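Numbering (the numbering used here), first residue to last: 707 to 918.
Just so it is clear, CB atoms sit at the ideal spot from N, CA and C, and this is done for glycine as well.
It should be emphasised that the depicted structure is a prediction, and the values quoted were computed from it without experimental measurement.
Working notes, structure below.
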């Protein structure tokens, strides 16, 4: 009789390998830079995306306030949820990530100026960059706060994929853009939000990633 263990036996699964401090620092710097560049592309074509970043970008089209300030303010209420459900380590990393995205968002306009790109390209490329950047942050126990926190808590506690939870919340933000953005731009923005969240859903799911 064979004594081979089934492929799904927990003993056959690789052990989680903890990131070093240097890896976490570099990961968070990389993720926030990539996200901020994606948001810059979205802002360059007056598009929107989901999450509190998208909500802040949308408000910046209406109020004469810098995106960096709005992004920090919008995320404040979600920190209580992060502290309660994810702990101080995650919350501190998330706060740092929000500060870095806010800081980097002032860098790109200074370095690149006002650029003109094709809107569909700007929306898709911006959301791809934002999605990849969020994946990097998730891998290093961080997020951009807001809807990211809600989605990660739902995945941890309920087993729902974070990408799908985020997609539902992002849809509400993108649809609200109809009040201030042209319908065509909203439609393209919705496509971009789907792209971002499919990236998250396909690449960040329970049991798939063993580093922490």
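Mapping DSSP to helix, strand and coil, what is residue i?
i	result
residue 782	coil
residue 827	helix
residue 724	coil
residue 847	coil
residue 852	coil
Within 10 angstroms of the Cβ of residue i, are there 16 or more other Cβ atoms? Answer buried if so, exposed if not.
i	result
residue 863	exposed
residue 726	exposed
residue 823	exposed
residue 807	buried
residue 821	exposed
residue 885	exposed
residue 868	buried
residue 816	exposed
State yes or no: is the C-beta of residue i within less than 8 angstroms of the C-beta of residue j?
i	j	result
residue 832	residue 755	yes
residue 830	residue 898	yes
residue 881	residue 759	no
Quick one: measure Cβ to Cβ for residue i and residue j, integer angstroms, because I've assumed they're closer than 8 angstroms.
i	j	result
residue 777	residue 804	7 angstroms
residue 753	residue 819	Contact doesn't hold; Cβ gap of about 18 angstroms is too wide.
residue 847	residue 796	5 angstroms
Pick out the complete alpha helix (DSSP H) segments inside the region 857-916, 4 residues or longer, and give them in chain order. If we require 4 residues or more, the alpha helix (DSSP H) runs fully inside the region 857-916 come out as 868-882 and 889-909.
Ignoring anything shorter than 4 residues, give me the alpha helix (DSSP H) runs that lie fully in the region 750-821, in order along the chain. Annotation: the region 750-821 contains the following complete segments of the alpha helix (DSSP H) (minimum length 4 residues), in chain order: 757-766, 773-781 and 784-818.
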